[in-house]
Structures are given as C-alpha cells and as structure tokens.
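Right, one structure below, let's go through it.
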Amino acid sequence: MDRAAGAVLGMLFLLSARPWSTAVAGSPYSCDAPLASTLPRASFSSSSELSSSHGPGFASLNRRDGAGGWSPRVSDKYQWLQIDLGERMEVTAVATQGGYGSSDWVTSYVLMFSDGGRNWKLYRREESISGFPGNTNADSVVHYRLEPPFEARFLRFLPVAWNPKGRIGMRIEVYGCAYRSEVVNFDGKSSLIYTLNQKSVSPTKDVISLKFKTRQTDGILLHREGQNGKHVTLELVKGRLILSLNSGHANLPSPDARVTLTLGSLLDDQHWHSVLLELLNAHVNFTVDRHTQHFQAKGGSRYLDLDDEISFGGIPGHRKSVVFPHKNFHGCFENLYYNGVDIIDLSKKRKPQTLVVGNVSYSCSHLQIVPVTFLSSSSYLALPGASGEDKVSVAFQFRTWNRAGLLLTSQLKHGSGALVLVLNDGKLKLSLSQPGHPSRDITAGAGLSDGQWHSVSLSLKGSHLSVMVDGEAASVAHSLRGRIDSGDTYYLGGCPDGVSGSGCGGPLGGFQGCLRLISIGDKAVDPITVQQGALGSFRDLQIDTCGLTDRCLPSYCEHGGECSQSWDTFSCDCAHTGYLGATCHSPLYEQSCEAHKHRGDSSGLYYIDSDGSGPLEPALVYCNMTDTTGTSVQHNGSHLARVKSSDGESPHPVAFKYTASMDQLQAIIDRADHCQQELAFHCKKSRLSARHGGTPVSRWVGRTNETHTYWGGSLPDAQKCACGLQGNCLDSQYYCNCDADRNEWTSDTIVLSHKEHLPVIQVVMRDTGRPHSEAAYALGPLLCWGDNSFWNSASFNTETSYLHFPTFRGEFSADVSFFFKTTAPSGVFVENLGITDFIRLELHAPSEVTFSFDVGNGRCEVTVRSPTPFNDNQWHHVRAERNVKEASLQVDQLPSETQAAPADGHARLQLNSQLFVGGTATRQRGFLGCIRSLRLNGLALDLEERATMTPGVEPGCPGHCSSYGHLCRNGGRCRERHRGIACDCTFSAYDGPFCENEISAYFGSGSSVIYNFQEHHNHTFGKNASSLAALFHEDLTLTGEMATLSFRTTGAPSLLLYVSSSYEEYLSVILAPNGSLQIRYKLDRNQAPDVFNFGFKNLADGQFHQVKIHREAATVSVEVNQNARRQVILSSGTEFNAVKSLMLGTVLGVIAVVIFILLCITAIAIRIYQQRWLYHKNESNIPKHGDNAETALRSELNLQSTVSESQKEYFF
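If you want it as structure tokens, here you go:
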C-alpha cells in the first residue's frame, strides 16, 4: 500500500472511531452545543405538574416565564422530567437549575436515556455511581460533563433529593451534537457478507468496530475463516460476547490453538453496545463497551492470514469448518466498520464487495416491552385478579441475581386456599395451601438466579395444578380438593405493610430484580397504566426499565477468585487462590525466605509470593535458613544425563522446566542479593569450543532466551571455564578441561552467577557425534541468597524531610505495607494526594496507627489502637488495604480493623501528586524514625537509593536486635548487622542461625572428654580476666547450678556427666546397670554423697532422652523427657565449692548436650554470671587439697559394687 492510500485508510478509521458530529469553528470534533433550549415546548414532558405554569415546557435552562421551571404535583422519587431531542444525538454534558426565584431545587438526580421512549437505561458515571450532584439554590447552574458520552433521542431526569424546605424544581440543558447512524437489521435468518479487495496488500492489523442491539440472547455477530480450521468468530451467548480464536497451528496442542475471550453481560437488554476488535498478528485487543481484554497467541500464531470473506450476522451455509452449534443474529448493527470501511453504507448502495443473504433492512425498530424493576426487598406490585373465574393463570418473565425471594402470593376467593410462589436456592417453589389439607408443594427449575430472563407460567384449574419454567412443563399436581377461585389481588415481588399470611411476612424477603410480560388470567398487564395510577398499586419500583446490573463485570475478585453476586453486592471465593480478603487481594504467603526466617521458621519447603498482592502466583521453593538465607528452585534436569549422538554434528538441545514460571523466577532473582547455578559438564572427546578461542560448540540459554557461551565465573563475553580463569586447566592451551579433547573422562564444573542471565533454561551440546565422543551434564537448582527489599530502609531525622516517589496507582485495589520504629509520638508514614481524593497512613498517637483516605464519599478512617505504645523504638509491621468492598488496617498481630465501603458509592481512587514517604506535601507532621520494606501493591520501593540524595534522610537503619533478638535462643546473643541480625552461638550449646540446633558428638566405648573451666577462661579472656572468668576463682562458692543434656545409648552402666571441684566435691549423672537414671551429689567432703535413683524407665534403649537438673541450695529438681519431674532435698551440703572440671562419657552412643565441651561450658559460665546473686564468698577455713579425681571417678564407675552403708541413697 502506498503512502497516500495508507493516509486515506488512516483517516477513514479515525473518522469511523468517532461518528460525524456538528463542526464548531476551531475544533472539528467539538460536541458541546446546547440541544434542549432550541426545542419546542412540546418536546418536554413529565410525570406530573403542580400547575399549568409549572409544566415541563418551562424547564429550559435560565427560563423565567411561567413559574420559572418545572415542579411536579407531588414531590416524591417517582417523578421525572423528559426531553425528546427529535432524533438520536450524541449527548456530552448536562446542566441543571432550580425553579426561578423560588425555594424549589433538586440536590441530587439520576439520568436515564432511551431511543424510543420505552425501556429506559440508567446512566452510570462509574460502575457503581448513578447519581448526579444537583443544586444548592434556585438560580446557580451546575454543569456535569458526561464521561463517557452516550447517544439517545429521549432523556429523563429523575429527582432523588431536593431542598427539604421547598419542593422539586428543575430547569435543565443538554449539550451535544448530531450523531451519524448507519444501521442494518437482521431477522435471525439473514447475514451480510463482505469480501476484501484481493488486490490490496494484506494489512498489518484488522480493526472491526460496530454497535449492536439484540432481541435474542444468542447469535453470531461475525465470522471469518482460514486454512486448517483457522477462524475468528464473535458470538453472543446468553447475553455475553464470546470471541473464539483458532490459530490452525498444527504444532500447538489443541487448548493452545483454540482460545476464547468472554466480555460483557446482560447484553440482551435491547440497548446499544459497542464492540471494538483489533487483530495485530499474534496480538488481540477485544473491547465491549468500556471493558477490554488483551491476548497474545503462542507459538507464532497469526490471526491475519484468513480468507477474504467476512460474514456478519450469521455463518453462510457453505462454510463447513465451524462445528459448534450457532444461531444467526436477531437485532440491529450500527456503524459497522472494517479497517475504516463503512460496510453498511456499501451494502445499502449494493456495492459488489457486499452480499446480503436473506432479508435485511436498514432501519431498527423498538420493542415495546415494558420491564419493571423491584429495587428493594420491600418492593411490591399489586394487581387485580380476574374476578369470577374459577381458575388461576399467571405468567411473567423474571431475571435476578438473588437466590431467594418472594415472587407471587395471592389469597384465593371463598377461602379456597392461598397460592405462594418463591425463589429459593435458585429454584422455584410453588405452594398451594387449602383449609384442612396439607400444603401442596411443587419445585421447578434450577440455577434461575443467573441473571438471565426466565419465563414462568402457572395454571390452577379444577383439580389440576401445573408450573412451566422456560417453556418446559416442570411439575404437575392432581387431586386438588374443592373449588378453586381466582383471588382478588395478586402481589408480585412482595407484600404491602399490614398484609400477613399467604407468604407475606415469612422468612424470605421480597424479590429484587426485574419482571416483564406479566399476565393475570390470560390478560396482559401494561405497567405504564400502573405507573399512571390507573391500575393496581406499587411501592419502590422503577417502571419501564430493568435496573439489574452485573456487579461481577468487571470482576473485582483478584488472582482467580470466583465472583458471585446478589442484587446489591458481590462476594469473592478465594479458596485455593493463595490470597485472602474481600477481593482476594491480600497474599496468604510470605514474600521471601528471609521473611520466613524472621518469623522463626526452620529450613523446609515453603510457598513464597515474591510480588505480594501483584499478579504473580505463589511459587514453591526450598528455604535454607542459614546465616544468609538461601532460596532454592528445582527443575526437571538435576540428575546426571549422558549424551551420545549418532548423526554427526547435530546439536543436542536440553530444555529445563522449573517449578516456578519465568516471571516468578525473575521476581525471586530481582529480590535476591546474589544468585548462582552450578552446571557440571563431563566429557570424553566432547568439546565446549571447537578450537582455542574458536567457535563455541556447546552453549546455554538464559532467562531472556539469549544464547551464552561463557562459562562459570567468567565474564559474559569470555569463553572460559573456571579452570581457564584460575589457570589450572588440564591442558594450558585451552580455557576449559573438555576442550583438551581427550579420549578419557574429564569435567568442567561451572558456577554461573550473572543474575540477569539466570536461570539456565536450555543447554545445547553439539560435539557428541564423533567416534568415541560422549558427554554428560547435570544442572543444579537455582540458588539465591538474601532479600534486598526486606531490609531496605531509611532513617528520617527531621520533621520536614521526606522521600518522594511517582504517584501511587491503586484505583480500585490498593495496599501499603512496611515496618517502622520510632520514639516520636506521631508522624505521617505515607501520603498521596489527588484533586479531592487522598490516601494517608500515620502514627496518630503513641498507641494509634490511622489509615485515612477519600475516594469521593467523604473522609474515611480506620484506626488500630494498642494497649502498649508503638513508639518504643522497636520494629512494628503495618499493612493497610483499600478496595471497592472495604478498608482494613492491621498492625503487628493486633486484631485487624475493617470498615465497609458505602453501598453504590464512589470506588475509584484518583491520585495525581507524588507519593510522599516519611512526610507530607506541606512539610508538617513529618515522621521521625525508621521505615523499611515499604511495598505498594506488592512493589518494593528502594528507600535507600532515594535517601542517598535527600537531605535529612539517611539510608539504612541500625538497631534490629531490640525487635528480633528474641529469635536467638538457648543463650545465643543477637549481633547487629547493617541488614538484619546474626545470632552468635558462641555462648550457647546450640548452633544454627537461631542457636536452635543441638551440638552432638558420638562417644565410642570407653571414650570421654574432660574439660577444665579455669584453663578455658584464662585462655578466652587473656591476662585481663573479666568478672565472668573471676567467677570460677576457687574462693567463690556456688549455691545453685543448671545442667541439661540429651543422649542416646544402648550401653549400661554408663557415666554421662561428671563435674568435680577442688574440694573433692562432685556431681555425677549415671545410667545404672538396668538403664535407670542415677544422680549423685557430694557437696561436703566430710559426708557421703547423696545418691538418687530415678526408676522412670530403661533409658539405655537407643532412643533420644533429655535430662534437666536444676539445683538451688539443697533443693534439686530433675526433669526427664520434658514430662517426668521429681524434686529431692540434699543432705550432704548446699554449696558447690570451686568448680574445677567437667567430664563427658563414658557412654557408647551420641550425646547432644547443652553443657558440652568448650561452647557448652561457656554456656554454663554465662548462666552462672547471670545468676551471680546466688554466689557468696566462702569464709570457711577448709584446707585445700587435691580432689583425687581419679579415685572419685573410679568410685563412680564401679557401679557393680554394693552401695556403702554410709551413703545416703534414695529411690523414686
């Protein structure tokens, strides 16, 4: 296509995208001319008028004649003012005034429009907002621009609220321009075929736009085919548009070749709906009204290389590729364009490019069906029965989302019974109760609360009762008792106040939804006569409109949550999504292994959600809780695989599939401080490169599908293995061991660590086709360490300092989470402003955190109050969320506070200022303290980077032990790090990141460990011994101690623990010959030891057992396996003087002991130091002697000897 032709096509499409409108100088597309002021008075009508001078003809803006505006006879919500524009016009704005010089004005109103003066449609400014702000006095003008504009001939203004000191009074104006409309009508059997110009160059994209109005719930809108079953079909199914795409791609599995996109709902409402379909090779943009779906085909599929024919309104009979059942479209198209070509205009002019099949016309008639909307559970419609008839016959159609509600009730005449029809659990239940007889119940239909129109017909005559649902006779009952006479009144949808019985006042509320085509006694009911007061009565109805809306379109349920709805609300089922909350927005899982670690979790498999509330699903990873937290992601190629090819130099590609998607892997890698992956090549006459510095033979592919030829640890542009960088390859001529091309097995172990290239998704090995060539490979898991966002923090040092970021985008769903610590009593954490909307999180008081915002419904606040202050200089976690259903705030583990959103209120949060962190735009009420790990809708903000260039703010935040020090257990000490903490287990008998792993050792037969306290502390603390070492000075006396040990053995007798002193005093823990526990205390050298035998069970059974001993003075508490407890009293003394050494053994087995060798003894020293108040100076003059340790030890080990009579021995 040449440039001129392309320019013409572009202009045609531009014009087709916006129908022709009245031109105004200086703006060719201006559409804001006043439309109502030029109309005759007869074009205005109303529900009623207060007087002839208050008639609708005086309702033009600024008009002062008559009474100066329209006022109805009665000021209530059933009044309306209507304008007939004469033809369909594009309406872009409205304006209102009150009655001239009066106290009559409307403060709020709704706007409805129609093409034919029937079946009105409510204009909605947002998905949930229909009301317009009105006037505050009689003469000021309030303008409102309509976004989006609409096309209509008739408009109705319906007052909702008015001046309480006056009455309804209105003067109005409507702005817009003429609207160009080309229509074609299909009768359900016809179609229109358009043939493309075969001489034209294939376009780079196809753009099809149209509007449609349907009389049926199903029908084909357009269809186009290609080769191999390829087709594009747009079909209306149950009031929803379904776009079916089949790429005809033979290499794709069937589910990938066929794609369906669904948009729209309730499209069978006999109103115009717009469709825009853009096909750009493999990209598809599908828009219905204001909702759009985007799709990109897989496998290089294209949707443009189709046949030259496009069929509208149906599928021609000669097309055989479409096998699904389909119906032709019954209704009207308007302004149908294909790539800027007006198809309807061509058809009207009988151009050869178009072919009409069947009967089509070029005008669009309007159905005169009058629906009725039941707005609340107290709505009802009372209609007179067919008097004098000995039968009951009622028929109507209904549509609703509610699963339950009263549809119909009537008290039959002459006491012949009562008839009640209800919708319960989506099914119809008809009950006939007759005096003296049990109720007859009939259940019919299923799934009737799906928003579709369903027809109901019930007939009761003589002894025969039948119900028909959607044309099918569902149930029949016979043998009814007595005469049946039609009731005087039938109540539809509910009952008036004061009426009871016959289903009124029951547990079910009134029906909420729409009814139409009502007939009583085979006579059709005209709802307009009801509206005019000439027939029956009603309450809380909207007549001549169906106000049912689909609250699940668009669905605000995120992450695959299932949306369900009723008349006035919707709910989300978040089961199996991995998310929580009213809209499935809040992540159920932590965002990283680092977060799991700082909850105190141990190593294991965990789901992590790297982008929080973002679009990525949780991924299953292995978290390795070491000093630096590791994250491991597995794949399907971790085992060693051998490669041997027989077809020359053909490459051998190997693809790897990970347990996480590429997007999930990228999120994990981006968050990590460092990542790597090990790739091991084993080779025998199989090279990585063809020659020294030559063309690579093998290669690997990274995450971005880029091919790489560098190997472990080398730069991306270098073809070197690790041995080449270290200079220790088998052959110094080559940079990889495998390149030596030896006829023996060798290997190259490669560690890839460039984050932007990881993970490895494919390895290609080519040099395996030569004789005796073989290779093998093994790819390790993706390993990442750290979390660069969990500790990302900033310190705010002045109240006027803040960080600023781009505007927060969270129109319908927004969450903010972070940690803070402070000593200040108040301060703003986060603030973002709009013209009127805003969002703010702040420490409102020392014990209060407040989340406040405004989306147009007025200021809303959610506050969490704590029994203890938040300004305690410890980390506190805050998470705030706001969505269309509710707002919530949680701080730490305190109960979450929630506030529901107003029904049918504004839902869109519109912000335009920068996001302020740690302060406000006014530089007042700034935050003093630290903020870290700030995330907005799952996206982490880099506080440290921004803080480096901001005065008054410093990157980083010291002091984490005050909040996380409790994670260091068993005597471990918390050490501060720039990012986080480390647990120092030096003074603990445990190891691991949180000092929770017991240190154990295996003792062979006769082996033992002896440890000298004094020597350790002299060595540890040097010449300037600390007070801790001084505690072990022989002049100090110990009045209490604690010892804990775990062991496993099958040998008995055994010595487990022996602690001696310089005064021949000791403590021993022994397993007796029968495996029972024996504890001996000798705390007085002049007395025999106390011997305690604990007959809990045989502890030499090969199982792990734990013993805890705690002595305070003469009281000794012993606990075995955390459940068996005993307490004994010593008689041999209460002071352990000058503890000297400790021995572990002799036992054949494993001891995992808190009191253990160097580390464990230090732990004892710590405990002694912490309990230093238990010690006092030994003032006795006992002479110091050697403890004769060998003699005492032999005595302890001689467990077979008879116990001396002088020993005090106790059995339990």
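Numbered by mature numbering (1 follows the signal peptide of the UniProt record, and there is no 0), the letters in the sequence shown go through residues -25 to -1, 1 to 1187 in order.
Where a beta carbon is used, it is the ideal one built from N, C-alpha and C, also for glycine.
These numbers were taken from a predicted model, which means no experiment stands behind them.
What's the gap between the Cα of residue i and the Cα of residue j?
{"i": "Gly833", "j": "Gln409", "result": "55 Å"}
{"i": "Ala878", "j": "Pro870", "result": "25 Å"}
{"i": "Phe1067", "j": "Ile1054", "result": "5 Å"}
{"i": "Gln1062", "j": "Gly1108", "result": "8 Å"}
{"i": "Ile217", "j": "Ala655", "result": "50 Å"}
{"i": "Asp959", "j": "Thr604", "result": "16 Å"}
{"i": "Gln1097", "j": "Leu1030", "result": "21 Å"}
{"i": "Glu1184", "j": "Leu1058", "result": "Caution applies to Glu1184, whose pLDDT of 39 falls short of 50 and renders its modelled position unreliable; the model cannot decide the point."}
{"i": "Asp790", "j": "Phe783", "result": "10 Å"}
{"i": "Gln386", "j": "Gly306", "result": "41 Å"}
{"i": "Glu102", "j": "Leu440", "result": "43 Å"}
{"i": "Phe771", "j": "Arg146", "result": "56 Å"}
{"i": "Asn160", "j": "Asp317", "result": "15 Å"}
{"i": "Val947", "j": "Ser938", "result": "Strictly speaking, residue 947 in this sequence is Gly, with Val absent from that position. Spanning the two alpha carbons is a distance of roughly 15 Å."}
{"i": "Ala(-3)", "j": "Cys152", "result": "Low per-residue confidence applies at Ala(-3): pLDDT is 36, beneath 50, and the placement is therefore not dependable enough to give any value."}
Does DSSP put residue i in a helix, a strand or coil?
{"i": "Met600", "result": "coil"}
{"i": "Gly901", "result": "strand"}
{"i": "Ile810", "result": "coil"}
{"i": "Cys936", "result": "helix"}
{"i": "Thr67", "result": "strand"}
{"i": "Met924", "result": "coil"}
{"i": "Asn203", "result": "helix"}
{"i": "Arg131", "result": "strand"}
{"i": "residue 1213", "result": "The question about residue 1213 has no answer, for the chain in this structure spans -25 to 1187."}
{"i": "Cys650", "result": "strand"}
{"i": "Gly699", "result": "helix"}
Taking its Cβ as the centre, do 16 or more other Cβ atoms sit within 10 Å of residue i, making it buried, or is it exposed?
{"i": "residue 1192", "result": "Because residue 1192 is not part of the residues shown, which for the chain are -25 to 1187, the question remains open."}
{"i": "Cys915", "result": "Per the sequence shown, the amino acid found at residue 915 is Ala instead of Cys. Label assigned to Ala915: buried."}
{"i": "His412", "result": "exposed"}
{"i": "Tyr94", "result": "Going by the sequence as given, residue 94 is Asn instead of Tyr. Its Cβ being crowded by 16 or more others within 10 Å, Asn94 is buried."}
{"i": "Thr504", "result": "exposed"}
{"i": "Ile1104", "result": "exposed"}
{"i": "Asp40", "result": "exposed"}
{"i": "Asp51", "result": "exposed"}
{"i": "Met637", "result": "exposed"}
{"i": "Gly446", "result": "exposed"}
{"i": "Ala635", "result": "buried"}
Thinking C-alpha only, which one of the options is nearest residue i?
{"i": "Ser792", "options": "Val824, Phe771, Thr798 and Gly809", "result": "Val824"}
{"i": "Pro31", "options": "Ser20, Val500, Ala750 and Ala876", "result": "Ser20"}
{"i": "Asp829", "options": "Ile319, Gly927 and Ile810", "result": "Ile810"}
{"i": "Leu197", "options": "Asn303, Leu133 and Gly151", "result": "Asn303"}
{"i": "Gly831", "options": "Arg100, Ala647 and Glu65", "result": "Arg100"}
{"i": "Phe371", "options": "Ser362, Leu396, Arg378 and Gly535", "result": "Leu396"}
{"i": "Tyr977", "options": "Arg854, Ser1021 and Thr1014", "result": "Ser1021"}
{"i": "Ser1037", "options": "Glu973, Thr961 and Ser1116", "result": "Ser1116"}
{"i": "Phe209", "options": "Phe287, Arg233, Trp137 and Leu942", "result": "A small fix is needed here, since residue 209 is Leu in this sequence, not Phe. Taking only the C-alpha atoms, the option nearest Leu209 is Phe287."}
{"i": "Cys547", "options": "Asn858, His852, His935 and Cys970", "result": "Asn858"}
{"i": "Lys388", "options": "Val367, Gly380, Trp376 and Lys402", "result": "Val367"}
{"i": "Ser184", "options": "Leu311, Ala550 and Pro821", "result": "Leu311"}
Determine which residues share a DSSP beta bridge with residue i and list them.
{"i": "Gln540", "result": "Phe545"}
{"i": "Arg617", "result": "Ala751"}
{"i": "Pro482", "result": "In the DSSP output, where bridge partners are listed per residue, Pro482 has none listed."}
{"i": "Ile985", "result": "Met1118"}
{"i": "Gln72", "result": "Arg146"}
{"i": "Val444", "result": "Val431 and Glu447"}
{"i": "Tyr466", "result": "Ala357 and Thr384"}
Under the criterion of a Cβ to heavy atom distance below 7 Å, does residue i qualify as lining the ligand HEM?
{"i": "Ser89", "result": "You won't find the ligand HEM in this model; it holds no ligand whatsoever."}
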